[in-house]
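Contents: one structure, followed by commentary.
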Amino acid sequence: MSVFLYLVEHDRGLIEETTMGGLTGARHLAETMGAQLHTAVIGEGADRSAGGLAAYGAEAIHLVRHGLLTDYGPDAWADSLAQLAGSVGATAVVATGTDRGNEVMAHVGARMDLAMVANCLEIESEGDDWLMTRVRWGGSLHERARLAAHTKLVTLAPHSTEAARAADRGAGHVAEFVPVLDDSAAVTMVKDRVTVSEGITLATAPVVVSGGRGVGSVEGFAIIEELADLLGGAVGCSRVVTNNGWKNHKFQVGQTGTVVAPDLYIACGISGAIQHWVGMMSAKNILAINIDPDAPMVTKADWAVIADLHEVVPAISAEITRRRGLARERG
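My numbering applies: residue 0 is where the sequence shown begins, and numbers increase by one.
Listed below in structure tokens is the structure:
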């Protein structure tokens, strides 16, 4: 049976939901093509990351260890993954199309002298080839591509598959793999970290309240922040907001900012240019608040309120506060 090897992206043992969604997509791909799913967990924290992988269908879990693998480094991770793929005879190496996943897989492709296809949405086999639909040009188009290679190297578009446990638990056999690494592989390596923020982050928040040009000013974001706080969510913004200096770039949602997939995305005064849409189109529900009924964001949203956000947003916050007050009185 052929082997599909999936790179489990982790941060010192912590795995984000995006990675587990990618693992679910890799499992579906392996099942469709009659392959066995193996996983690779590289570096420190691998033990902590490995525990739940069998529940997602992993038949084998390879813990990749080496003295140079102290943290994330694209060269060291790529060398390790390429060597492991050769060791297990992988016919496909798969990762999630995050910044890190695409970076590592591009390095793997260079080392194996093979093409790497990024951000795939759908994959099917045609003989020995794979036919793929993938995201291109920041999500503005989908490309149909054919991949012919003895080992397929692909990344799956983030949020294209929701994380789900397998109906039948994988065997989860754990094996240690020690790659041969030269000191030069650690030339690029994370050496230190600075905590920018704690608690809910923009990338993982269940609710994101974003403001665009229509917010009007730095001060105008006070009502956006209040609503996000009441909903237990995070504040986001469009590129024009960062260009105007109303918000720091870390709040930007979009192709050149943060990609989000919340349960609810509230777009306040955002027209919905393609670069912004790419960053939030995986949201499960979208509410647009805008004075322009023909704005792209309004036409694509699940719900829309055609009115001034400066009136609507405070009204929503006031109603939430009122209902919570009544609930406390009744309780």
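Cβ coordinates follow ideal geometry from the N, Cα and C atoms, glycine included.
Continuous alpha helix (DSSP H) stretch holding Thr31: start and end: Residue mapping note: residue 31 aligns to position 32 of the sequence shown, counting from 1. It spans 16-31 - the alpha helix (DSSP H) in which Thr31 sits, taken as one unbroken run.
At least three beta-carbon pairs within less than 8 Å, the segment 101-111 to the segment 73-87: With a cut-off of 8 Å, the segment 73-87 and the segment 101-111 count as touching, because enough Cβ pairs lie within range.
Nearest neighbour of Ala53, chosen from Ala39, Val63, Gly66, Arg64 [CA to CA]: As a working mapping, residue 53 is identified with position 54 in the sequence shown. Shortest Cα-Cα distance from Ala53 to any of Ala39, Val63, Gly66, Arg64 involves Ala39.
DSSP three-state assignment for Tyr71, whether helix, strand or coil: If you number the sequence shown from 1, residue 71 lands on position 72. DSSP places Tyr71 in the coil class of the three-state scheme, outside both helix and strand.
Pair within 8 Å by beta-carbon distance, Ala227 and Val217: For the purposes of this step, residue 227 is taken as residue 228 along the sequence shown, with counting starting at 1. For the purposes of this step, residue 217 is taken as residue 218 along the sequence shown, with counting starting at 1. Against a cut-off of 8 Å, the Cβ pair of Val217 and Ala227 comes out as no contact.
Buried versus exposed call for Val186 [16 or more other C-beta atoms within 10 Å across all chains shown]: The residue you call residue 186 lines up with position 187 of the sequence shown. Counting every other CB atom within 10 Å of its CB across the protein chains shown gives Val186 a total below 16, marking it as exposed.
C-alpha distance - Ala148 paired with Ala260, whole-angstrom precision: To locate residue 148, count along the sequence shown from 1; it is residue 149. To locate residue 260, count along the sequence shown from 1; it is residue 261. If you take the alpha carbons of Ala148 and Ala260, they lie about 33 Å apart.
Anticipated Cβ contact below 8 Å, Glu142 with Arg133, distance rounded: Sequence index remark: in the sequence shown, residue 142 carries index 143 (1-based). Sequence index remark: in the sequence shown, residue 133 carries index 134 (1-based). Contact holds; Cβ gap of about 5 Å.
DSSP three-state assignment for Glu43, whether helix, strand or coil: Your numbering for residue 43 matches position 44 in the sequence shown. Here Glu43 sits in coil by DSSP.
Residues near Ile305 in its chain [Cβ-Cβ closer than 6 Å; skip 5 each side]: Within the sequence shown, residue 305 is the residue found at index 306, counting from 1. Pro292, listed in sequence order.
Coarse secondary structure for Glu225, derived from DSSP in three states: The sequence position of residue 225 within the sequence shown is 226, counting from 1. It is helical.
Neighbour-count burial assignment, His106, 16 or more Cβ in a 10 Å radius: Taking the first residue of the sequence shown as 1, we reach residue 106 at position 107. Buried, because 16 or more other Cβ atoms sit within 10 Å of the Cβ of His106.
Bridge partners - Leu120, DSSP secondary structure assignment: Within the sequence shown, residue 120 is the residue found at index 121, counting from 1. Paired residue(s): none; Leu120 is not in a bridge.
The segment 282-302 / the segment 245-263 touching (three or more Cβ pairs under 8 Å): At 8 Å Cβ cutoff, the stretches touch.
Residue range of the beta strand (DSSP E) that includes Leu155: Residue 155 sits at position 156 when you count from the first residue of the sequence shown. It spans 151-155 - the beta strand (DSSP E) in which Leu155 sits, taken as one unbroken run.
Residue range of the unbroken alpha helix (DSSP H) whose run includes Asp98: For this step, residue 98 is matched to residue 99 along the sequence shown. 98-111 is the extent of the alpha helix (DSSP H) around Asp98.
Own chain, CB closer than 6 Å to Thr257, minus 5 neighbours either side, in chain order: Locating residue 257 in the sequence shown gives position 258, where the first residue counts as 1. The residues are Leu201, Ala202.
Leu13 vs Glu43 beta-carbon contact at 8 Å: Position 14 of the sequence shown, counting from 1, holds the residue named residue 13. Position 44 of the sequence shown, counting from 1, holds the residue named residue 43. By the CB criterion at 8 Å, Leu13 and Glu43 fall outside the cutoff.
Nonlocal neighbours in the same chain, by C-beta distance under 6 Å from Ile288, ignoring five residues either side: The sequence position of residue 288 within the sequence shown is 289, counting from 1. Cβ within range, chain order: Cys267, Val304, Leu308, Val311.
Three-state class that DSSP yields for Gln251 in the structure shown: Here residue 251 is taken as the residue at index 252 of the sequence shown, counted from 1. Gln251 falls in the strand class under three-state DSSP.
Helix, strand or coil at Ser209 according to DSSP, with G and I counted as helix: Working through the sequence shown from its first residue, we reach residue 209 at position 210. Look at Ser209 here: in three-state DSSP terms it is strand.
Limits of the beta strand (DSSP E) - the one that His141 falls within: Translated into positions along the sequence shown, residue 141 becomes position 142. Looking at the DSSP string, the run of the beta strand (DSSP E) that includes His141 is 140-146.
Collapsed DSSP secondary structure at His9 in the structure displayed: For the purposes of this step, residue 9 is taken as residue 10 along the sequence shown, with counting starting at 1. Three-state DSSP puts His9 in coil, outside helix and strand.
C-beta contact flag for Ala57 and Leu83 at 8 Å: The residue given as residue 57 occupies position 58 in the sequence shown. The residue given as residue 83 occupies position 84 in the sequence shown. Against a cut-off of 8 Å, the Cβ pair of Leu83 and Ala57 comes out as no contact.
From Arg168, Arg212, Leu62, Val173, residue whose alpha carbon lies closest to that of Ile269: Here the question's residue 269 lines up with position 270 in the sequence shown. Ranked by Cα distance from Ile269, the first of Arg168, Arg212, Leu62, Val173 is Arg212.
Nearest to Met279 (by Cα), restricted to the options Gly33, Asn101, Gly210, Arg145: For the purposes of this step, residue 279 is taken as residue 280 along the sequence shown, with counting starting at 1. Residue Gly210 is the option with its Cα nearest to Met279.
Within 8 Å, strictly: CB atoms of Ala91 and Gly100: Taking the first residue of the sequence shown as position 1, residue 91 is located at position 92. Taking the first residue of the sequence shown as position 1, residue 100 is located at position 101. Going by C-beta atoms, Ala91 is not nearer than 8 Å to Gly100.
Three-way DSSP call (helix, strand, coil) for Ala294 in this model: On the sequence shown, residue 294 is found 295 positions in, with the first residue counted as 1. In this structure, Ala294 counts as coil in the three-state DSSP scheme.
Unbroken beta strand (DSSP E) run spanning Gly324, endpoints: The residue given as residue 324 occupies position 325 in the sequence shown. Segment 308-329 is the alpha helix (DSSP H) holding Gly324; no beta strand (DSSP E) there.
Whole-number beta carbon distance between Ser237 and His275, since they are thought to touch under 8 Å: The residue labelled residue 275 in the question sits at position 276 within the sequence shown. The residue labelled residue 237 in the question sits at position 238 within the sequence shown. Contact between His275 and Ser237 holds: CB atoms are separated by about 5 Å, below the 8 Å threshold.
Nearest-angstrom beta carbon gap, Val189 and Gly72 [assumed within contact, 8 Å]: On the sequence shown, residue 72 is found 73 positions in, with the first residue counted as 1. On the sequence shown, residue 189 is found 190 positions in, with the first residue counted as 1. 7 Å between Cβ atoms; contact.
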